[in-house]
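Which chain is which? The protein sequence lines are Y and S, in order.
Heads up: the first sequence begins at 4 in my numbering, then just goes up one per residue.
Heads up: the second sequence begins at 100 in my numbering, then just goes up one per residue.
Notes follow once the structure below has been shown.
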Amino acid sequence: MPSLFILVPLLLIVILNLPMKRLRGNIALFTALVLCIVQSLLSLIYLLFKSVHFDPVVPFFTFALSIDRLTLILLCTIGIVSFASLLVAHSTIVNPRQKFIFINLLLIALIGMNTIVLVTDLFSLYVFIEITAVASFVLIAIDKDLHAIEGTFKYLMLSSVATVFMLSSIAFFILVAGGTSFSDVHNSFSGTSDNPFTKIAAGLFLCGLLIKSGLVPFHGWLPDAYSAAPGPVSVLLAGIVTKITGIYTLLRLSTSVFVLNESMQNMLMFIGALSIVLAALAAVTQSDFKRMLAYSSISQVGYIALALGCATPLALAGAVFHFFNHAIAKSLLFVNAASLEKRFATTDMNKLRSFGAKPLVTSVTSLIGFLSAAGMPPLAGFWSKLIIVIALFSAGKTIYASVALLATILTLTYFLSLQTKVFFCKAQTVQPTVSSLPAIAVAEIILAAIAVLIGVCFPFVAYIWFLPLKEILH
Amino acid sequence: MIMNLTLLVCLLLVAIWTVMTTRLIHAVIGLAITSVTLAIIMNHLNSPLAAVFELSVCAGLIPVIFITTVSFTQRISKKQLRVREKERFIKFWYLPVIIVVAGLLLALFTHAPQITVPPAGAEENVRNVLWNLRHIDLLGQVIVLLAGAFGVVVFFKESGK
Chain Y
4 MPSLFILVPL LLIVILNLPM KRLRGNIALF TALVLCIVQS LLSLIYLLFK SVHFDPVVPF
64 FTFALSIDRL TLILLCTIGI VSFASLLVAH STIVNPRQKF IFINLLLIAL IGMNTIVLVT
124 DLFSLYVFIE ITAVASFVLI AIDKDLHAIE GTFKYLMLSS VATVFMLSSI AFFILVAGGT
184 SFSDVHNSFS GTSDNPFTKI AAGLFLCGLL IKSGLVPFHG WLPDAYSAAP GPVSVLLAGI
244 VTKITGIYTL LRLSTSVFVL NESMQNMLMF IGALSIVLAA LAAVTQSDFK RMLAYSSISQ
304 VGYIALALGC ATPLALAGAV FHFFNHAIAK SLLFVNAASL EKRFATTDMN KLRSFGAKPL
364 VTSVTSLIGF LSAAGMPPLA GFWSKLIIVI ALFSAGKTIY ASVALLATIL TLTYFLSLQT
424 KVFFCKAQTV QPTVSSLPAI AVAEIILAAI AVLIGVCFPF VAYIWFLPLK EILH
Chain S
100 MIMNLTLLVC LLLVAIWTVM TTRLIHAVIG LAITSVTLAI IMNHLNSPLA AVFELSVCAG
160 LIPVIFITTV SFTQRISKKQ LRVREKERFI KFWYLPVIIV VAGLLLALFT HAPQITVPPA
220 GAEENVRNVL WNLRHIDLLG QVIVLLAGAF GVVVFFKESG K
């Protein structure tokens, strides 16, 4: 059954590329949308009704995959964000050929991400991280715009460095553990605790993942890639791709595969805190909507890294909850950015200001997105940040907890300045003719509704979905 | 031991030449020779499967793609070439020195910890490795090729004009 999450999208790509022109129009978009909905709903149903029992459907495809609550939450998130990205693509990509290629590449990225969350082998994990990265490189530069190509180039170069780190780590693990499966690697930590090779190998892999996550000081590629990519691609990249390839892998490996010592945990916390503060300060100075969101993304991922470094069960549950909330809020904000970019052909906030009133749905949903990302009650982002701060305080990490709390003020500062500049302003110039973008509005409403619902139904969501995770992760 | 050391020194020399040369075509040839040397070392270290892949992909396929790309570039004059060679040497002379010194230090001063090298099992032939042990990676390789194909379409195929 888990292999269906890989095989069905692959089969869809094969069918869509059969030599039949009829398949390349709206049918391709429609089937991809249905696939994303089915993936989200299926994972949600299994998450709600605990009797998760998966049997291999086709005996040949019995990959070494495992499925748990964390996997199901992530599969659901991947489905939601890909769905939103497809809706944005429907409204923003005019050229049908380009739209078709976008759908195919999104499906490839979807296969990559699904497999990353399902595999139980370090080398397979690396292979599918690369698949997702290759699909992302092409997606960023799909317009062949000069800035986008520059963004892709930076991403490609830093990804290559990450690749070298990860491959060297895998080589060390083959030497030390005799294999690359998660259980072999985990056993190598318990068997020979003083073996320097295991520590070096774990350190190298984590360095690779920090680059992929775009945490400070490895963040050089991220703002360029996010801001130069076309609207639907930045939704996909910021919403889920970098989170799965970087921060989820970091989460999975640091909790259930590697055994991190105290100094490694401290370093992770330090990098997390540094990312929160520096990226928030950088975000305040930005004048481009998408660049500000990109820096905000680094800052929010810092919270997850901080919680991972803390490594108490509550902190880990908070990290997963924040991962989900951040994916939803950031996708929503990038959908809003895509909507404005399509209507006004710019993401410069000073220029956007001169256009005056913005569409109602975009204004309201962006407010929800900002408040959720900044951590205002009763929205989803507030609860996850609260759990992380409580976990840090109860673990005795008072300084880090204070940094996390104070950084919220910075977050609120740049988000409010953005909101007043872009949305709460009077028209100074003639407005361009605004065409209605119903698909984008649907994506905005769905994502905003999730952010509100998760926040309002917090007790149910926390106790049924996220807090039980701490038992799985330990 | 002597054989391994000789091969290692050869590998290092060819790799340095590959990096330091200013002619693209020489760098490609250097890369191919580096890969061949590495393949011989891998075969010597009881990893024939890795050696075959190294030989076919890194020494065969990749140089062909690079040479195709290089054939689209323009040559620079001999004078410029000499200037660039000199500049590059001044800029990067310390890199090979660092590699050699680090390698010697590692070899002389570190005590290799106990590591378990998996024995070259008789059953682990290519078919078993690819189709039974690592078939998800094989599927991954197919998907990477697919992504690459879409990349080629995006970057190099003009839309019907």
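Note that CB positions come from ideal geometry on N, CA and C, so glycine has one too.
Since the model is a prediction, treat every value here as computed from it, not as a measurement.
What does a CB cutoff of less than 6 Å around Gln303(Y) pick up in its chain, not counting 5 residues either side in sequence?
-> Closer than 6 Å at the Cβ level, and outside the excluded window around Gln303(Y), lie His329.
Do the CB positions of Ile104(Y) and Ile134(Y) come within less than 8 Å of each other?
-> no
Please work out which residues of its chain come closer than 7 Å, Cβ to Cβ, to Leu245(S), disregarding the five sequence neighbours upstream and downstream, and give them in chain order.
-> none
Between Ala205(Y) and Ser172(Y), what straight-line distance do the alpha-carbon atoms span, to the nearest angstrom?
-> Distance between the alpha carbons of Ala205(Y) and Ser172(Y) is about 7 Å.
Is the region 178-197 of chain S in contact with the region 146-161 of chain S, if contact means three or more CB pairs nearer than 8 Å?
-> no
So with Cβ pairs under 8 Å, would you call Leu21(Y) a contact of chain S?
-> Answer no: the Cβ-Cβ gap between Leu21(Y) and chain S never drops below 8 Å.
Compare the C-alpha of Ala67(Y) against each of Leu128(Y), Pro22(Y) and Thr34(Y) and name the closest.
-> Leu128(Y)
The region 107-124 of chain Y contacting the region 150-166 of chain Y, beta-carbon criterion three pairs below 8 Å = no
If you check the beta carbons only, do Ala320(Y) and Tyr403(Y) fall under 8 Å apart?
-> In terms of Cβ geometry, Ala320(Y) and Tyr403(Y) do not form a close pair [threshold 8 Å].
Quick one, which of Met379(Y), Phe86(Y) and Phe396(Y) has its alpha-carbon nearest Val459(Y)'s?
-> Met379(Y)
Close-in-space but distant-in-sequence residues of the same chain around Val464(Y) (CB under 6 Å, 5 per side omitted) | Ile457
Residues in the region 130-146 of chain Y having any Cβ partner in chain S nearer than 8 Å = Val130, Phe131, Glu133, Ile134, Val137, Ala138, Phe140, Val141, Ala144 and Ile145
Of all Cβ atoms in chain S, is any one closer than 8 Å to the Cβ of Ser127(Y)?
-> yes
Give the residues of chain S in contact with Asn107(Y), contact being defined as C-beta atoms less than 7 Å apart.
-> Residues of chain S with a Cβ closer than 7 Å to the Cβ of Asn107(Y) are, in chain order, Phe249.
Three CB pairs or more closer than 8 Å across the region 421-430 of chain Y and the region 356-376 of chain Y = yes
Give the C-beta separation of Phe418(Y) and Ala376(Y) to the nearest angstrom, bearing in mind that I take them to be a contact with Cβ-Cβ under 8 Å.
-> 7 Å
Compile a chain-ordered list of the residues in the region 8-19 of chain Y whose CB is closer than 8 Å to at least one CB of chain S.
-> Ile9, Leu13 and Ile16
Relative to chain S, which residues along the region 90-105 of chain Y have a C-beta separation below 9 Å, given in chain order?
-> Asn98, Arg100, Gln101 and Ile104
Going by DSSP, which residues form a beta bridge with Ser184(Y)?
-> Asp124(Y)
Quick one: list the residues of chain Y neighbouring Ala246(S), beta-carbon separation under 8 Å, in chain order.
-> Leu108, Ile111, Ile134, Val137, Ala138 and Val141
Any idea if Tyr193(S) is buried or exposed, counting beta-carbon neighbours within 10 angstroms, 16 or more meaning buried?
-> exposed
So is Gly239(S) in contact with chain Y if we call contact Cβ pairs under 8 Å?
-> yes
Run through the region 154-181 of chain Y for me and flag every whole beta strand (DSSP E) of 3 or more residues, listed as ranges in chain order.
-> none
Please specify which runs of the alpha helix (DSSP H), each continuous and at least 4 residues long, are wholly inside the region 323-357 of chain Y, giving them in chain order.
-> 352-357
Express the C-alpha separation of Leu110(S) and Lys333(Y) in angstroms, rounding to a whole number.
-> 48 Å
Hey, how far is the Cα of Leu237(S) from the Cα of Gly312(Y)?
-> 34 Å
Amino acids of chain Y, ordered along the chain, whose beta-carbon sits closer than 7 Å to that of Val113(S) | None at all; the shortest Cβ gap to chain Y is about 19 Å.
Coarse secondary structure for Leu382(Y), derived from DSSP in three states | In this structure, DSSP gives Leu382(Y) a state outside helix and strand, which the three-state scheme calls coil.
Val244(Y) versus Leu73(Y): straight-line alpha-carbon distance, rounded = 16 Å
Cβ shell of His143(S) (< 8 Å), same chain only, five flanking positions each side left out | Met102, Asn103 and Leu106
Counting Cβ pairs, one atom from each stretch, are 3 or more of them under 8 Å apart for the region 362-370 of chain Y and the region 392-403 of chain Y?
-> no
Which whole runs of the alpha helix (DSSP H) in the region 383-421 of chain Y are 4 residues long or more, in chain order?
-> 383-397
Is it buried or exposed for Tyr466(Y), if we count other Cβ within 10 angstroms and need 16 for buried?
-> Exposed is the call here.
What separation, rounded to the nearest whole angstrom, lies between the Cα atoms of Ile177(Y) and Thr248(Y)?
-> 22 Å
Apply the 10 Å Cβ neighbour rule to Glu344(Y) and answer buried if 16 or more other Cβ atoms are within range, or exposed otherwise.
-> buried
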